[in-house]
Each structure stands twice: as C-alpha cells, then as structure tokens.
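Q: Residues are numbered in the numbering used here as their position in the sequence shown, beginning at 1, plus a constant of 1. Positions of the beta carbon are idealized from the N, C-alpha and C atoms, including for glycine.
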Amino acid sequence: MIVIVIGSGAREHALCRLINKSKLCEKIFCLPGNYGISKIAECINLSSSEQIIKKCKEINPDLVVIGPEKFLDEGLADKLRKESINVFGPNKEAAKLESSKDYMKLFCNEFKIPTAYSKTFDNFNDSINFLENKKGKIVVKYDGLAAGKGVFVCENIEDARLACRKIFVDKIFSDQNKIIIEEYIEGKELSYFVLVDNKSYEVIGSAQDYKRIGDNDTGPNTGGMGTLSPAPILDSELENKIITKIVEPTVKGIHKKSLVFNGVIFLGIIVDNLTSEPKLLEYNTRFGDPEIQSISMRLKSDFLVTAHSVSTNKLSYANIKFYDNQKAICLVLATKGYPNSYPKGTVIRNLEKFKNDESFFIFHAATVKENNQITTNGGRVLSLVAINEDYEGCRNKVYKIADEIDWKEKYFRLDIGLID
Ligand code: GLY
C-alpha cells in the first residue's frame, strides 16, 4: 500500500514507524515530516490543506493518516473523502468533539457520559457574574483549539476572572469567543484510546501523560513531557467502568448522530478521588503526543492493516495485539526555555550514534539536517522510548541515553515513571 501521513511531530514519526513495519507497506509519504521521519518516508514540505489535497490527488494513496487536530478541524478528512481517498481521521463535524468544548459537553449530556459539571458562556460579564458566588479551585476552558494552552486550572476565583478576561477581553486565542467554566476534580488522570468506524470500536491502549514542564508536576502545562504505557492506574475494574460508562455511550453517540469518525478517539479521563469513578475531562479526535510514542512500541499487530480497516469500515477484522507483559516509557527532550521562548537552530552532535531497535527508539519531533549537522527547530525535539518488563528497566534505558545525547540546550524531566 502507498500511505500518506500528515504532520511533522514525534507522533507522526511513531505512526510512520508502525506503518513501515507492515509487510503491506510499499511506500510512505509524510507531509511535511521532519529529518527523523525522512529516513523511512519521503517527506514533502507541504503544510496547507489545499497543498495537501492537491498532492494526495496526485499520489492517489491507499490510505491517508491525519496526525494533528488542526487539519481535522479544517475539514481535511471531509475533502479527501470527497475525492474517494481512504482516510484515518474524522470529518470536521465529528472532530468538534475535540475542537469545541461546548459541543463535547452537550454530547456528554445527550449520551449520559459522566463529566465535570460545567456552564458555557459567550460573554465576559456573564462569566464574571457566575464566578461571583463560587469558591476554591475552578477550571476555565476556551471553547476552541488552542494547542494545549486553552485550559486554565485556577487556584482561586481571582485567577478564574483573569482567565475569562484573557479570553474575552484580551482575545488571546481568537475573536470568536466562548468558554466553559467547570468544577475542579481532584484525582488521577489517564489517556485512553479507542478506534472507531461506522459499526464498531476497538481499544488501542492507554497511557499516563506528564503534562507539566517541571519535576513533581510543577510549572506551566506543555504538550506532554513524557508518558508511561499502559497507564499504571488502569486495572481491570477501572477499565470495565471506562468501557461501560464512557467508551460505549461515546461510540453509541457517534453512531446515533451518524458522525463520520473513522479514526481514533482519545479520552482524557480523571478518576475522581472522592468517588473512585472515572469522569471524562476531554475528547481528542487523534492520537496523543507523546502517548502514541510509548503505546506504539508495545503494539505487536500490524498497524497498517488496522488503520486501513478503520478507514474502510472493516474495523471488526482488525486484530489488535500487544507484546505480552511489556511496559513502555517515553521521555521527551525539549529545548531549554520551552514552553516559553527558546532558541532554534541548536546543534545535537551525536544523535546518529544511537541505534534504534524493537526495544528502544528515538522519535524526532523538531529536527532538520543542514550543513551535515542535526539542528533543532522546535520546543519538543525528541521522544526517547524504551520497552521492558518493568518501568524501572524502561527508565534506566531512556535516562542513560538522554544523558549521553550531546546537546547543550537539552531539557528533560527527571521524574518520568517515578511519580504518578
Ligand atoms: N498529550 C496530550 C495531547 O496529545 O493532547
């Protein structure tokens, strides 16, 4: 099969690696890709939906896999499907489960999916009036996509007012403004992934994401600084609850509303400390980054067969299997300064010396090769993933390599796999 993967991060590198392992894979294109991806796929530097559609029509692939949410929100999947191209990734309307928090809450309400109590506001004054008689921690969420920056977990009401001001008055995201104000839930979080087509669903793993930049979960939120897979808190009792209370009503809702989904739904779940019950914090309509980096290394079955079966509504034929008793840890190496300002063009000197194999892999997110040197062009730059029978073995491997990588500007958390 000829496959096109859309995106340029470590998530897309992980997807390309999985596809490349398949016996059915003839050729992979990645638009735009990055230096690491270019070792297994032809990378073409195109990144607008229009350019991508033109190239896809030219190549006429057997499958297009869309990585980032931005393209789903732009309706790239709809447009490719109109050209009779098989796509892994939901249409625009279905992608609203991620791209509109208000839509997500209405969906949860309609299909009785447990989630945090919330109220939606479309103007500053009403949001401020609502906060008037509230107390304690509270969450303010921008309704639209915000590259992981749209959720404000506020320590107090004053911070919540500031968050509302930033969104409505300073318009830090866009002119089109809506927010939801949500109760704060204390508990442990996990990411849970489910493939969906027009008839069925299949679970494709879980992970724990470390979202904050600093050790002990301090400092600002990031796209994710590391993951463990499977999520350590997921036992069979919790998984049964997640399936019956969240996954099944979600899939039922998708089918009842006739949403063209054909992709992966990523459930951001919190297990409420007070009740031990799982609640849905958010939907994402694509694989998580860095979740898929660690999940993908544990996957034994052919991902290309699975992704193609999702895109053609034959998911029930996919036979998803993981290596027995294998855990994975992903450690993200970022440029010092991220998620605030950071330099670009910094040099990583000895990257080629580290060999990738079935138990260890370095996924690239923001690398380029110029003048015979590997340089950086982003915040999160590399994802180091190891698999082992226990998390400790994974930790030893990823931290050993992280220390050996000769890159002056590297930054990584020291506690991935140590705290939960
Ligand atoms: N790691 C969280 C995300 O991909 O949104």
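What are the boundary residues of the alpha helix (DSSP H) that includes LYS83?
A: Segment 77 to 83, the alpha helix (DSSP H) holding LYS83.
Q: If you drop the 5 nearest sequence neighbours on each side, which residues of the same chain put their C-beta closer than 6 Å to that of ASN35?
A: So the qualifying residues of the chain are SER9, HIS365, THR368.
Q: What is the rounded straight-line gap between the Cα of GLU27 and the Cα of MET2?
A: When rounded, the distance between both Cα atoms is 5 Å.
Q: Report the rounded CA-to-CA distance for ASP416 versus ASN397, giving the unit in angstroms.
A: So the two alpha carbons sit approximately 12 Å from each other.
Q: Assuming contact is defined by CB atoms lying nearer than 7 Å, are TYR143 and ILE182 in contact in what I supplied?
A: No.
Q: Compare the C-alpha of LYS328 against each of THR223, ASN389, PHE288, LYS280 and name the closest.
A: The residue with the shortest Cα to Cα distance from LYS328 is ASN389.
Q: Considering only heavy atoms of the ligand GLY, does any lie closer than 6 Å to the CB of GLY137?
A: No; taking the cut-off as 6 Å, the Cβ of GLY137 has no heavy atom of the ligand GLY nearer than that.
Q: Can you tell which of ASP127, LEU281, THR376, GLY380 has the C-alpha that lies nearest to the C-alpha of ASN110?
A: Nearest C-alpha to ASN110: LEU281.
Q: For ASP210, verify whether its CB is less than 6 Å away from any heavy atom of the ligand GLY.
A: For the ligand GLY, at least one heavy atom lies less than 6 Å from the Cβ of ASP210.
Q: Using a Cβ-Cβ cutoff of less than 6 Å, which residues in the same chain neighbour GLY264 once the five nearest sequence positions on both sides are dropped?
A: Closer than 6 Å at the Cβ level, and outside the excluded window around GLY264, lie PHE89, GLY90, PRO91.
Q: Apply the 10 Å Cβ neighbour rule to LYS80 and answer buried if 16 or more other Cβ atoms are within range, or exposed otherwise.
A: The residue is buried, with at least 16 neighbouring Cβ atoms inside 10 Å.
Q: Are there any heavy atoms of the ligand GLY lying less than 6 Å away from the beta-carbon of GLY289, as far as the coordinates show?
A: Correct: GLY289 has its Cβ closer than 6 Å to the ligand GLY.
Q: Please confirm whether CYS57 and ILE114 have their CB atoms less than 7 Å apart.
A: Cβ atoms of CYS57 and ILE114: not closer than 7 Å.
Q: Between LEU47 and ILE53, is the Cβ-Cβ spacing less than 7 Å?
A: The answer is yes: Cβ separation under 7 Å.
Q: State the Cα-Cα distance for the pair SER295 and ALA161, rounded to the nearest angstrom.
A: The alpha-carbon atoms of SER295 and ALA161 are separated by roughly 34 Å.
Q: Going by alpha carbons, who is nearest to ASN334 out of PRO279, SER384, GLU43, TYR400?
A: Sequence inspection shows Leu at residue 334; the Asn mentioned does not correspond to that position. Comparing Cα-Cα distances from LEU334 to each of PRO279, SER384, GLU43, TYR400, the minimum goes to SER384.
Q: If distances are taken between C-alpha atoms only, which option among MET226, LEU77, SER201 comes closest to TYR211?
A: Answer by Cα proximity: MET226.
Q: What is the residue span of the alpha helix (DSSP H) that GLU283 lies within?
A: Run containing GLU283: none in the alpha helix (DSSP H); it sits in the beta strand (DSSP E), 279 to 285.
Q: Indicate, with yes or no, if the ligand GLY has a heavy atom lying under 6 Å from the CB of GLY151.
A: Not so, every heavy atom of the ligand GLY lies at least 6 Å from the Cβ.
Q: Throw me the rounded Cβ distance for the LEU146 and LYS93 pair, which I believe falls under 8 Å.
A: The pair is not a contact, with the Cβ atoms about 12 Å apart (cut-off 8 Å).
Q: I'd like the span of the alpha helix (DSSP H) that includes ALA161, first residue to last.
A: Counting along the chain, the alpha helix (DSSP H) containing ALA161 begins and ends at 158 to 169.
Q: Mind pulling the alpha helix (DSSP H) runs of 4 or more residues that sit fully within the segment 95 to 141?
A: If we require 4 residues or more, the alpha helix (DSSP H) runs fully inside the segment 95 to 141 come out as 102 to 111, 125 to 132.
Q: Determine the contact status of ASN1 and GLU99, defining contact as a CB-CB distance below 7 Å.
A: Residue 1 is absent from the model: the chain starts at 2 and stops at 421.
Q: Among LEU73, GLY379, ASP103, VAL195, whose alpha-carbon lies nearest the alpha-carbon of GLU249?
A: Closest option to GLU249, Cα to Cα, is VAL195.
Q: How should ALA148 be labelled, buried or exposed, when 16 other C-beta atoms within 10 angstroms of its C-beta is the threshold for buried?
A: Classification of ALA148: exposed, given that the 10 Å Cβ count is below 16.
Q: Touch check for the segment 17 to 24 and the segment 304 to 319: three-plus C-beta pairs under 8 Å?
A: Flag = yes, the segment 17 to 24 and the segment 304 to 319 touch.
Q: Note the first and the last residue of the continuous beta strand (DSSP E) segment covering ARG213.
A: ARG213 -> beta strand (DSSP E) spans 213 to 215.
Q: Do GLY227 and the ligand GLY come close, with the Cβ less than 6 Å from some heavy atom?
A: No, the Cβ of GLY227 stays beyond 6 Å of every heavy atom of the ligand GLY.
Q: Reducing DSSP to helix, strand and coil, say where ILE330 ends up.
A: Residue state, collapsed to three classes: strand.
Q: Quick check: what's the CA-CA separation for ALA403 versus LYS337?
A: C-alpha separation (whole angstroms): 14 Å.
Q: Among residues of its own chain, excluding the 5 on either side of GLN374, which ones have a beta-carbon nearer than 7 Å to its beta-carbon?
A: For GLN374, where only same-chain residues beyond five positions count, the Cβ hits under 7 Å are VAL348.
Q: Taking the beta carbon of SER297 as the centre, do at least 16 other beta carbons fall within 10 Å, making it buried, or is it exposed?
A: Classification for SER297: buried.
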